[in-house]
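Trainee: To convert a position in the sequence shown, counted from 1, into my numbering, add 11. Beta carbons: idealized from backbone N, C-alpha and C, even for Gly. For reference, the structure I am asking about is given below.
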Amino acid sequence: MEITATEMNRVVLIALAGRIDSSNATQLGEAFNTWFGKGRNNLVVDLEKVDYISSAGLRELVSALKRARQEGGDLRLCAPPARVREVLELAGLTSVFAIYDTQVLAVGSF
Numbered sequence: 012m013e014i015t016a017t018e019m020n021r022v023v024l025i026a027l028a029g030r031i032d033s034s035n036a037t038q039l040g041e042a043f044n045t046w047f048g049k050g051r052n053n054l055v056v057d058l059e060k061v062d063y064i065s066s067a068g069l070r071e072l073v074s075a076l077k078r079a080r081q082e083g084g085d086l087r088l089c090a091p092p093a094r095v096r097e098v099l100e101l102a103g104l105t106s107v108f109a110i111y112d113t114q115v116l117a118v119g120s121f
């Protein structure tokens, strides 16, 4: 998994690529915690280049969403490929997360 973060005025855009599974999900959680530690509580997670996400990856996304909201911010998802969107739907998370088709729409929603 690759993690690339871009700081913007109101939001941090975090682009993920590759597989997110139990072998690297904690790395994703640590990345989120780094931004929360800097007081950056509005996050957009770009899933466009994610090939696979396991329950461990979903747990990290949900944990980050909860923390963002506790800190007065939010976490929004964008551009999930069909397979990733299907996993989110099966897990019942499409009603929990705000999911946008593009980065521009997700960033602009803040």
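What does L86 pair with, by DSSP beta-bridge criteria?
Mentor: Bridge pairing for L86: L54 [DSSP].
Trainee: Buried or exposed for R93, going by 16 or more other Cβ atoms inside 10 Å?
Mentor: In the sequence as displayed, the identity of residue 93 is Ala instead of Arg. A93 is exposed by the Cβ-count criterion.
Trainee: Can the beta-carbon of F121 be found less than 7 Å from the beta-carbon of V22?
Mentor: Cβ distance < 7 Å, so F121 and V22 count as in contact.
Trainee: Compute the Euclidean distance between the alpha carbons of S106 and I64, then round it to the nearest angstrom.
Mentor: 18 Å
Trainee: For L24, name the three-state secondary structure that DSSP assigns.
Mentor: strand
Trainee: Closer than 8 Å by C-beta to D112: which residues in its own chain qualify, once you throw out the five before and the five after it? Chain order, please.
Mentor: C89, A90
Trainee: Would you list the residues sitting across from G29 in a DSSP beta bridge?
Mentor: V61
Trainee: Excluding the 5 residues preceding and the 5 following R51 in the sequence, name in chain order all residues of the same chain whose CB lies nearer than 6 Å to its CB.
Mentor: V23
Trainee: Please name the residue or residues paired with A16 in a DSSP beta bridge.
Mentor: Answer by DSSP bridge pairing, in chain order: I25.
Trainee: Just to confirm, are L58 and V118 a CB contact at a threshold of 7 Å?
Mentor: no
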